[in-house]
Amino acid sequence: MTRAYVSNERSSTVTVVDLASGKAVADWPVGHRPRGITLTRDGKYLLICASADNAVEMRDPQTGALVRVLPSGDDPEQFFPSNDGKLLFIANENDAAVTAVDLAAGKVAWQVPVGEEPEGIAESPDGKWLLVTSEEDSVVAWIDLATRQVVEEMETQTRPRHIEFTPDGAQAWVAAEMAGVVQVADVATRGIARTITFAPPGVPAYKVMPCGIRFTPDGRTAVVALGRAGHVAVVDVASGAVRGYVRVGERPWHLAILPDGKRALVANGTSNDLSVVDLDKLAVTSTIPAGESPWGVVLGR
């Protein structure tokens with residue numbers, strides 16, 4: 002990986018960061034209110050949720066040129082490219098639905114109703130499950146991808162915003178923003194097995210609002226953005242114990258783990274910058290300017 006791409010929600014731009022130099026090298030104008038950002042599985046295209054345009058933009062990751070606009074359903078916020086690279090699963094916040102788009106055809110393949118205000122979305126590593134969080138209903142929908150049916154609605158604590166599978170697929174971690182916790186679901190039982198709480202030093206509990214979660218490549222460590230708390234938490238996956246906290250910028254939203262597994266790049270939504278975090282030293286090593294309200298981060302070449 003040589004580049005990071007950052008969606009800036011308020012400036013409607015994408016900041017391109019050169020990872021070798023740690024500097025922003027471009028700022029591309031994109032659709033209105035970009036939030037979710039990812040790459041196709043082959044790395045050929047950059048995908049951006051232009052939420053206010055009700056569209057997903059497909060762009061050239063080298064130049065930023067618009068290649069195609071994909072149908073997305075109403076108010077796309079987060080999305081997930083299928084493991085086989087054929088579909089893009091999109092959470093439609095205003096539609097209470099998940100839309101699957103055929104990337105080759107550029108058309109909607111199917112849609113499934115879910116709970117109100119869906120946001121977090123992820124496919125299990127084995128391709129069996131698609132999990133979707135419902136902020137309003139405080140549930141996670143378990144969609145069986147073989148039948149395209151919701152087979153269970155798992156209750157969570159208040160306002161689940163993001164969901165992430167561990168690399169081995171055994172667990173799904175759910176960030177319950179308003180409850181201030183991360184809940185760990187056991188995939189085998191489809192039930193909550195553990196709830197992780199956070200207490201960064203000197204921060205009142207009401208400011209702890211977990212959102213983005215990422216795992217190191219070895220699956221041993223999770224990094225959780227704590228929103229208004231202005232910190233990220235570094236968590237041991239096996240025990241669920243918080244190893245430590247790192248003060249970053251204001252309102253960290255989402256993040257990416259760099260390929261070495263030793264650093265994280267954190268998007269800070271109200272300080273308009275990115276923090277590079279050393280996960281061993283639990284310290285910020287540099288800060289990179291971004292656009293207005295950086296939201297999501299994805300790594301590419």
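Under our numbering, the sequence shown has 34 at position 33, and the numbering climbs by one with no breaks.
Where is the CB? At the ideal position from N, CA and C, for every residue including glycine.
Keep in mind the model is a prediction, meaning the values are calculated, not measured.
Environment of residue i [buried if 16+ CB atoms lie within 10 Å]
i: Gly301; result: buried
i: Arg69; result: exposed
i: Trp303; result: Only positions 2 to 302 of the chain appear in this structure, which leaves residue 303 out of reach.
i: Ser22; result: exposed
i: Gln184; result: buried
i: Val152; result: exposed
i: Tyr46; result: buried
i: Gln172; result: buried
i: Thr157; result: buried
i: Arg264; result: buried
i: Gln79; result: buried
i: Gly297; result: buried
i: Ala180; result: buried
i: Glu293; result: exposed
i: Gly37; result: buried
i: Ser240; result: exposed
i: Asp54; result: buried
i: Pro344; result: Residue 344 is absent from the structure shown; the chain starts at 2 and stops at 302.
i: Ala226; result: buried
i: Gly44; result: exposed
i: Ala223; result: buried
Bridge partners - residue i, DSSP secondary structure assignment
i: Asn55; result: For Asn55, which the question treats as bridged, DSSP gives no partner whatsoever.
i: Val115; result: Beta-bridge pairing links Val115 to no other residue.
i: Thr288; result: Ser276
i: Tyr46; result: DSSP lists no partner for Tyr46.
i: His232; result: Arg248
i: Pro30; result: Thr14
i: Trp174; result: Glu165 and Val185
i: Thr159; result: Answer is none; Thr159 lacks a bridge partner.
i: Arg264; result: Asp279
i: Ala239; result: DSSP, once it has assigned bridges, lists no residue as partnering Ala239.
i: Ser256; result: The sequence shown places Leu at residue 256, not Ser. DSSP, once it has assigned bridges, lists Val267 as partnering Leu256.
i: Arg4; result: Asp19 and Gly301
i: Glu153; result: Trp143
i: Ala25; result: Val18
i: Thr39; result: Leu48
Beta-carbon contacts of residue i that lie in its chain and below 6 Å, excluding the five residues immediately before and after
i: Pro260; result: Met2
i: Val26; result: Val17 and Asp19
i: Thr286; result: Val277 and Asp279
i: Ala186; result: Ala173 and Ile193
i: Ile258; result: Arg215, Thr217 and Ala265
i: Pro62; result: Leu47 and Gly301
i: Leu146; result: Leu131
Sequence-distant residues of its chain with Cβ nearer than 7 Å to residue i (five each side left out)
i: Asp138; result: Gly116 and Glu117
i: Thr100; result: Ser73, Gly74, Ile91, Asn93, Val109 and Gln112
i: Ser13; result: Pro30, Val31, Gly32, His33, Arg34 and Pro35
i: Thr39; result: Leu48, Phe80, Pro82 and Val299
i: Gly262; result: Thr217, Pro218 and Asp219
i: Arg162; result: Glu120, Gly121, Thr134, Glu136, Ala176, Glu178 and Cys212
i: Asp281; result: Lys263
i: Asn95; result: Asp75 and Asp76
i: Val140; result: Gly116, Glu154, Met155, Glu156 and Thr157
i: Gly107; result: Arg69 and Leu71
Proximity test, Cβ basis, 7 Å: residue i and chain C
i: Asp261; result: Note that chain C does not occur in the displayed structure, where there is just one protein chain.
Cutoff 8 Å; reference residue i; Cβ partners in own chain excluding five residues on either side
i: Arg252; result: Gly228, Arg229, Gly231, Asn269, Gly270, Thr271 and Ser272
i: Thr196; result: Gln158, Val182, Val183, Gln184 and Val185
Closer than 6 Å: residue i CB and nearest the ligand SAM heavy atom
i: Asp145; result: Among the components modelled here there is no ligand, and therefore nothing to report on the ligand SAM.
Secondary structure, beta strand (DSSP E): runs of 3+ residues fully inside the segment 59–137: Runs of the beta strand (DSSP E) lying entirely within the segment 59–137, each at least 3 residues long, are 67–72, 77–82, 88–93, 98–103, 108–114, 119–124 and 130–135 in chain order.
Within the segment 191–227, ranges of the beta strand (DSSP E) (whole runs, at least 3 residues): Taking 3 residues as the minimum length, the beta strand (DSSP E) runs contained wholly in the segment 191–227 are 192–198, 214–216 and 222–226, in order along the chain.
Inter-stretch contact at 8 Å, needing at least 3 Cβ pairs: the segment 50–57 / the segment 24–39: The answer is yes - the segment 24–39 touches the segment 50–57, with three or more Cβ pairs under 8 Å.
Inter-stretch contact at 8 Å, needing at least 3 Cβ pairs: the segment 189–201 / the segment 232–241: Verdict: yes, contact present.
Validate contact between the segment 120–135 and the segment 159–173 using beta carbons, cut 8 Å, 3 pairs: In short, these stretches touch, since the Cβ pair count reaches three.
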